[in-house]
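Under my numbering, the letters of the sequence shown match residues 32 to 464, in that order.
Glycine is no exception: its CB is placed at the ideal position from the N, C-alpha and C atoms.
It should be emphasised that the depicted structure is a prediction, and the values quoted were computed from it without experimental measurement.
Only one structure is covered here, and it is reproduced in the block below.
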Amino acid sequence: MREYLLTLCITAAVTYLLTGPVRKFAIVAGAMPEIRARDVHREPTPRLGGIAMFFGLCAGLLVADHLTNLSEVFEKSNEPRALLSGAALIWLIGVLDDKFEIDALIKLGGQMIAAGVMVVQGLTILWIPLPGIGTVALTQWQGTLLTVALVVITINAVNFVDGLDGLAAGMVCIAAAAFFMYAYRIWYSYGIEAAAPASLFAAILMGMCLGFLPHNMHPARIFMGDSGSMLIGLVLAAGAISVTGQVDPDVMKLFSGSERNTVHQMVPVYIPLLMPLTIIAIPAADLILAIVRRTWRGQSPFAADRGHLHHRLLEIGHSHSRAVLIMYFWSALIAFGALAYSVNSASMWIVLGVVALSAVGLVLLLLPRFTPRAPRWAERFVPPRYRRRKAVAVEAGAEPTAAVGADEERVPVAAGVSGVNGATAVSPRSRTR
Numbered sequence: 032m033r034e035y036l037l038t039l040c041i042t043a044a045v046t047y048l049l050t051g052p053v054r055k056f057a058i059v060a061g062a063m064p065e066i067r068a069r070d071v072h073r074e075p076t077p078r079l080g081g082i083a084m085f086f087g088l089c090a091g092l093l094v095a096d097h098l099t100n101l102s103e104v105f106e107k108s109n110e111p112r113a114l115l116s117g118a119a120l121i122w123l124i125g126v127l128d129d130k131f132e133i134d135a136l137i138k139l140g141g142q143m144i145a146a147g148v149m150v151v152q153g154l155t156i157l158w159i160p161l162p163g164i165g166t167v168a169l170t171q172w173q174g175t176l177l178t179v180a181l182v183v184i185t186i187n188a189v190n191f192v193d194g195l196d197g198l199a200a201g202m203v204c205i206a207a208a209a210f211f212m213y214a215y216r217i218w219y220s221y222g223i224e225a226a227a228p229a230s231l232f233a234a235i236l237m238g239m240c241l242g243f244l245p246h247n248m249h250p251a252r253i254f255m256g257d258s259g260s261m262l263i264g265l266v267l268a269a270g271a272i273s274v275t276g277q278v279d280p281d282v283m284k285l286f287s288g289s290e291r292n293t294v295h296q297m298v299p300v301y302i303p304l305l306m307p308l309t310i311i312a313i314p315a316a317d318l319i320l321a322i323v324r325r326t327w328r329g330q331s332p333f334a335a336d337r338g339h340l341h342h343r344l345l346e347i348g349h350s351h352s353r354a355v356l357i358m359y360f361w362s363a364l365i366a367f368g369a370l371a372y373s374v375n376s377a378s379m380w381i382v383l384g385v386v387a388l389s390a391v392g393l394v395l396l397l398l399p400r401f402t403p404r405a406p407r408w409a410e411r412f413v414p415p416r417y418r419r420r421k422a423v424a425v426e427a428g429a430e431p432t433a434a435v436g437a438d439e440e441r442v443p444v445a446a447g448v449s450g451v452n453g454a455t456a457v458s459p460r461s462r463t464r
């Protein structure tokens with residue numbers, strides 16, 4: 032565990048220290064696109080944060096290769112080299128897109144090639160456990176297609192959710208933390224060496240995100256861009272592929288009986304890894320909704336719009352920071368709920384806890400619709416937003432009218448309307464020169 036923590040800290044430190052110089056380089060290189068109608072930020076912000084994240088990944092792999100225990104991962108497996116090759120390719124494509132905005136189909140082709148490069152070097156799914164059937168061995172073509180599909184879907188899911196300051200990095204960090212706990216449990220508790228690369232990938236991914244977050248929290252000084260979002264999406268997918276379909280469920284010997292019964296009872300353990308979309312369920316849901324929405328309107332699935340989940344949170348009245356925290360909450364609930372269920376699927380307390388926290392999340396989600404009002408005798412002791420509107424108008428010296436009465440119905444302001452105060456404004460902006 033100490034070597035994993037050291038690798039994580041080195042990765043975070045390198046990413047953090049390089050982000051500042053990378054920001055200056057992005058400004059000099061002109062990687063500061065004009066503000067678009069769908070953007071939430073108000074000032075042109077440099078991209079290319081993925082450069083610092085990529086060098087953090089390289090530093091983490093280099094340090095791990097020189098540590099006593101983690102160096103065995105590089106000796107017994109070619110997966111770290113496969114990850115580095117695929118990450119370098121997808122990172123290069125992202126850098127070009129941050130600077131020149133290449134076509135979406137070209138990016139999709141690059142994602143598939145990057146996944147293919149990892150498959151050629153051995154980072155692929157060999158078999159999958161299915162409930163009621165057992166361990167199903169995959170042919171070379173089946174494993175390749177499934178691996179490429181998982182990589183492409185995960186990359187685009189992370190890329191789609193990268194719309195608010197600190198959102199993508201924080202959500203992926205939460206998913207990586209839950210994934211690390213699972214993979215480390217398999218490696219340490221059951222002595223299965225095949226899970227060691229996945230644990231290493233998750234630790235490095237957490238370091239990349241933690242090192243970049245201080246520069247990317249609202250108000251962000253730099254964006255990760257596609258060079259960062261596609262990179263962390265690929266690393267997350269690589270970790271899931273590394274352990275899914277390469278760790279034989281029967282080796283863990285958690286249950287007695289036939290192999291079919293073993294796999295059937297271990298479905299709660301393998302579902303979060305068989306489909307990494309259950310760990311990043313929020314970005315995956317956003318991806319599916321975006322494709323359906325755009326196709327229904329007759330648009331290209333790759334056409335950008337302002338209908339993502341984080342945009343909708345801003346529309347109903349959440350501030351920028353609160354919208355990000357709400358997305359963090361739901362990501363953590365799904366990821367760690369799946370992790371807890373995989374450890375002990377028979378515990379009813381886990382299910383009740385997830386249900387209770389889901390209710391809390393719904394209350395937080397709808398909070399702007401039900402802003403509480405303090406009684407008149409307590410109005411002097413609470414912030415103005417909790418006072419009755421009539422009282423606020425009188426304090427300001429204005430004549431109370433029916434328009435500011437105590438019983439006035441609050442009308443939510445839609446995004447795109449100028450004049451909205453605070454971070455909820457998503458108004459059209461003039462193009463910079």
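Three-state class that DSSP yields for residue i in the structure shown
i, result
"ALA271", "helix"
"ALA113", "helix"
"THR178", "helix"
"ARG343", "helix"
"ARG325", "helix"
"ALA251", "coil"
"GLY194", "coil"
"ARG78", "coil"
"THR99", "coil"
"ALA62", "coil"
"GLN152", "coil"
"ILE41", "helix"
"ILE133", "coil"
"LEU93", "helix"
"LEU262", "helix"
"SER350", "coil"
"ILE223", "coil"
Sequence-distant residues of the same chain with beta carbon closer than 8 Å to residue i, five excluded per side
i, result
"VAL183", "LEU139, GLN142, MET143 and ALA146"
"LEU465", "This structure leaves residue 465 out entirely; the chain is present only between 32 and 464."
"CYS40", "GLY238"
"ILE313", "VAL192, MET202, LEU340, MET358, TRP361, SER362 and ILE365"
"MET63", "ALA57, PRO75, THR76, PRO77 and ARG78"
Beta-bridge pairing of residue i - partner residues as DSSP gives them
i, result
"TRP172", "Answer is none; TRP172 lacks a bridge partner."
"TRP158", "ALA168"
Beta-carbon contacts of residue i that lie in its chain and below 6 Å, excluding the five residues immediately before and after
i, result
"GLU34", "LEU98, ASN100 and LEU101"
"GLN173", "none"
"THR46", "ALA83, MET84, GLY87, MET239, GLY242 and PHE243"
"VAL473", "Because the chain in this structure spans residues 32 to 464, residue 473 falls outside the shown range and cannot be described."
"SER108", "PRO228"
"ASP96", "SER102 and PHE105"
Under 8 Å between C-beta atoms of residue i and residue j
i, j, result
"ALA199", "SER260", "yes"
"ALA113", "LEU88", "no"
"MET248", "GLY197", "yes"
"THR50", "GLY91", "no"
"ARG54", "ASP129", "no"
"ILE205", "ALA366", "yes"
"PHE211", "ALA234", "yes"
"LEU120", "VAL150", "no"
"ALA57", "LEU262", "no"
"MET255", "GLY61", "no"
"TYR213", "SER362", "no"
"ILE357", "LEU396", "yes"
"SER116", "GLN152", "yes"
"ILE253", "THR76", "yes"
"VAL59", "SER258", "no"
"LEU383", "ALA209", "no"
beta-carbon residue i near the ligand ADP non-hydrogen atom, thresh 7 Å
i, result
"TYR372", "Inclusion of the ligand ADP in the displayed structure is not the case, the ligand content being empty and no account of it being possible."
Distance between beta carbons of residue j and residue i, contact taken as under 8 Å
i, j, result
"VAL203", "LEU267", "6 Å"
"MET239", "MET84", "5 Å"
"GLY264", "THR185", "5 Å"
"LEU320", "ALA188", "Wrong, their Cβ atoms sit about 11 Å apart, outside the cutoff."
Close beta carbons around residue i, own chain, < 7 Å, minus the five adjacent residues each side
i, result
"ALA44", "GLY242"
"LEU123", "none"
"TYR359", "GLY201, MET202 and ILE205"
"MET306", "With a pLDDT of only 46 at MET306, under the threshold of 50, the placement of this residue in the model should not be trusted, and no figure is reported."
"PHE232", "LEU114, VAL266, ALA269, GLY270 and SER273"
"GLY392", "PHE360, TRP361 and LEU364"
"LEU36", "none"
"GLY368", "VAL385"
"TYR215", "SER230"
"GLY329", "none"
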